[in-house]
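Protein sequences appear in the order of chains A and B. Just so you know, we're using the working numbering here: the first sequence kicks off at 1 and counts up by one. Just so you know, we're using the working numbering here: the second sequence kicks off at 1001 and counts up by one. Backbone N, C-alpha and C define an ideal beta-carbon position, used for all residues, glycine too. On a predicted model such as this, the values are computed, not experimentally measured, just so you know. Worksheet: one structure, shown below.
Number of protein chains: 2
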Amino acid sequence: MRDLASDLRHCAINTATLGFREPIEVVIDAVARAGFGAIAPWRREIEGHDVKTIARRIREAGLAVTGYCRSTYIPATDRAGFAANIESNRRAIDDAAVLGARSFVLVVGGLPTGSKDISAARAQVVEGTALLLEYGQSRGIRIALEPLHPVYTADRSCVSLLSEALDICDRIEGCTEVPWLGICLDAYHVWWDPNLKHDIARASKRIFGFHVCDWLVPTQDVLNDRGMMGDGIIDLREIRSLVEEAGYDGFVEAEIFSTLDWWKRPMGETLAVCRERFANAT
Amino acid sequence: MRDLASDLRHCAINTATLGFREPIEVVIDAVARAGFGAIAPWRREIEGHDVKTIARRIREAGLAVTGYCRSTYIPATDRAGFAANIESNRRAIDDAAVLGARSFVLVVGGLPTGSKDISAARAQVVEGTALLLEYGQSRGIRIALEPLHPVYTADRSCVSLLSEALDICDRIEGCTEVPWLGICLDAYHVWWDPNLKHDIARASKRIFGFHVCDWLVPTQDVLNDRGMMGDGIIDLREIRSLVEEAGYDGFVEAEIFSTLDWWKRPMGETLAVCRERFANAT
């Protein structure tokens, strides 16, 4: 197992951790200055800006780009909506390529408004993911399906289980030595799964990204009350050991949605605590 | 598939639906008067009262008792705590027997305070369930494990998946024609599971209870903002059809925790709407 305390270059900061309060240029410099090895920007920080300039700034700061966050939700009430969602994601994949991202993170979406048909939503996800895999390959960008916690199944991701995401990968891409379709594993979303150990081993080369934060007890808000590593009940070190045993040697990325706490603190403080918690609680 | 519109006697009311605002005697009479076939009382309404008298009142009202709600959480920080939790559940099983309940509902509990070891909590659950199965058999009471939604894994139930609950049943009781250990299936907790169809078929004779309510979008509070059948996104009719195809012919029970809505309404109104939604949305 890698020693994150001795080499912070294995660690990445997802910009969501910092609350989207500063322009991306300021965030890039802060993350680099704090000694991290990579950054994960969000589309809200990139779209409408000069992507090439931002990409150069990230490179010159010495940072890699992990996953580009994130997809437009795929399921729609009609075919025109579906097509528009795919097209939006193709444009985002173009930007991911300019940024040199290691993957494009697919948060697939839940039930279209008015629908109770979860099977139909999942069928749209399979179809859309296949289209985006093809487009991603043409741009040199891997697609990372991120299963979300089942508390989000209705409105954010009808793909909830790691095994479910892996089944989709197998179905679309089949068995392959060098996958272009994989998963982004976020400890917050999967820590509770009784099949986690088995499924992480199964994921193996399909692990394109690894996110950490913590599950607070009690949780005030299931979307925006995620905890700093070490402040909750997830055994992050155990999960990281499983992920690394499965062959993952990419970045360990902090992604902490926290309107109630960390997003209120100065960016430098949040980065300093991340640094310490990567070393001692991840 | 049974026609709930033509026979409300297949339907049950879990007293949690009514917000615990009236004495159990008043609730019993209201549920019976509304035409339902059964009731599920909670320990808070029974313990400290004369259980035999309450049991007689339920019988004389013409109601069956579905599941007696619910267990003391099993996992504890030490062996003395574990033993105390088991003992508390044995006393509740005694009461379930007096009430003539069809099962004792086991909500198993989450991580003991200070622990991050979910495997250890699950091991305590297996051990405790085995003890309670044995005790239940001696009192003629079946034990119904209720897997809860993964949003509660940390603090209410480290058993989240239906498959996980069934694995525990198989492990403890083995294959049997007349199971004493089974599951209570609550649509709210399992609707999102991609393996639901398969796992309900697998559950078969182990389905001891079936709870319904709905998942609201958005959900204001994951504990106490459950929806009336038909007001959310769960395809309840589809799930009921799977449960009945699996052989379940017991009660369909409304259990709606709703501090924000139904618990503020007059009991008679909530019961009338339940009646209509059993018929038209379940």
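Helix, strand or coil at residue i [DSSP, three-state]
i	result
Gly128 of chain A	helix
Leu1216 of chain B	coil
Gly1209 of chain B	strand
Phe296 of chain A	The first residue shown for chain A is 1 and the last is 282, placing residue 296 of chain A beyond what the model contains.
Leu8 of chain A	helix
Leu185 of chain A	strand
Glu238 of chain A	helix
Val1222 of chain B	coil
Gly1268 of chain B	helix
Glu1025 of chain B	helix
Ser204 of chain A	helix
Ile1256 of chain B	coil
Ile13 of chain A	strand
Among the options, nearest to residue i - alpha-carbon criterion
i	options	result
Ala187 of chain A	A:Phe82, A:Gly209, A:Gly174 and A:Cys274	A:Gly209
Leu236 of chain A	A:Leu216, A:Gly19 and A:Asn85	A:Leu216
Val51 of chain A	A:Asp95, A:Arg44 and A:Glu87	A:Asp95
Asp214 of chain A	A:Ile118, A:Trp263 and A:Gly230	A:Gly230
Glu1127 of chain B	B:Ile1168, B:Ile1024, B:Arg1142 and B:Ala1012	B:Ile1168
Ile58 of chain A	A:Ile24, A:Glu87, A:Thr77 and A:Cys69	A:Ile24
Tyr1135 of chain B	B:Ala1032, B:Asn1089 and B:Cys1175	B:Asn1089
Trp1042 of chain B	B:Arg1033, B:Ile1028 and B:Trp1262	B:Ile1028
Leu1271 of chain B	B:Asp1003, B:Val1098 and B:Cys1011	B:Cys1011
Lys197 of chain A	A:Asp221, A:His211, A:Lys205 and A:Ile239	A:Ile239
Gly174 of chain A	A:Arg206, A:Leu18, A:Pro194 and A:Arg91	A:Arg206
Ala101 of chain A	A:Lys116, A:Ile93 and A:Asp117	A:Ile93
Ala201 of chain A	A:Ile233, A:Arg265, A:Glu244 and A:Glu177	A:Glu244
Thr259 of chain A	A:Pro194, A:Asp193, A:Phe20 and A:Arg2	A:Phe20
Val252 of chain A	A:Asp170, A:Ala30, A:Ile233 and A:Leu185	A:Leu185
Ser1119 of chain B	A:Asp193, A:Ser103, A:Val212 and A:Arg142	A:Asp193
Asn1195 of chain B	B:Glu1177, B:Leu1242 and B:Lys1264	B:Leu1242
Pair within 9 Å by beta-carbon distance, residue i and residue j
i	j	result
Ile1054 of chain B	Thr1015 of chain B	no
Ala203 of chain A	Leu161 of chain A	no
Gly1067 of chain B	Val1105 of chain B	yes
Ala123 of chain A	Gly182 of chain A	no
Arg9 of chain A	Gly48 of chain A	no
Ala1034 of chain B	Gly1268 of chain B	yes
Trp1191 of chain B	Met1228 of chain B	no
Ser1071 of chain B	Leu1132 of chain B	yes
Asp1249 of chain B	Arg1002 of chain B	yes
Thr86 of chain A	Lys1116 of chain B	According to the sequence provided, residue 86 of chain A is Ile. The question's Thr does not apply to it. Cβ atoms of Ile86 of chain A and Lys1116 of chain B: not closer than 9 Å.
Ser1103 of chain B	Arg1142 of chain B	yes
8 Å CB neighbourhood of residue i in its chain, flanking five on each side removed
i	result
Gly110 of chain A	Tyr73, Pro75, Ala121, Tyr152, Thr153, Ala154, Asp155, Arg156, Ser157 and Cys158
Ala5 of chain A	Phe278, Ala279 and Asn280
Leu1099 of chain B	Pro1041, Ile1046, Val1051, Ile1054, Ala1055, Ile1058, Val1065 and Tyr1068
Asp221 of chain A	Thr259 and Leu260
Gly114 of chain A	Thr77
Gly1081 of chain B	Pro1112
Proximal residues to residue i (C-beta, below 7 Å), its chain only, five neighbours per side dropped
i	result
Ala130 of chain A	Ile172
His189 of chain A	Pro147, Leu148 and His149
Phe1257 of chain B	Ala1016, Leu1223, Asn1224 and Arg1226
Ala1032 of chain B	Ala1061, Gly1062 and Leu1063
Glu1022 of chain B	Met1267
Thr282 of chain A	Leu4, Val212, Met229, Leu236, Arg237, Arg240 and Val252
Leu18 of chain A	Val27, Met267 and Thr270
CB contact below 9 Å: residue i versus chain E
i	result
Asp1235 of chain B	The structure shown contains no chain E; the protein chains it does contain are A and B.
Proximal residues to residue i (C-beta, below 6 Å), its chain only, five neighbours per side dropped
i	result
Thr219 of chain A	Asp225
Cys1274 of chain B	Ala1254
Asp199 of chain A	Leu162 and Ser163
Thr1077 of chain B	Pro1112
Gln137 of chain A	Trp180
Val108 of chain A	Ile74, Val125, Ser157 and Val159
Could you tell me which uninterrupted beta strand (DSSP E) segments, each at least 3 residues in length, are contained entirely in the region 1133 to 1196 of chain B, listed from first to last along the chain? 1143 to 1145 and 1181 to 1186
For a minimum of 3 consecutive residues, which ranges assigned as the beta strand (DSSP E) are wholly contained in the region 36 to 112 of chain A? 38 to 40 and 103 to 106
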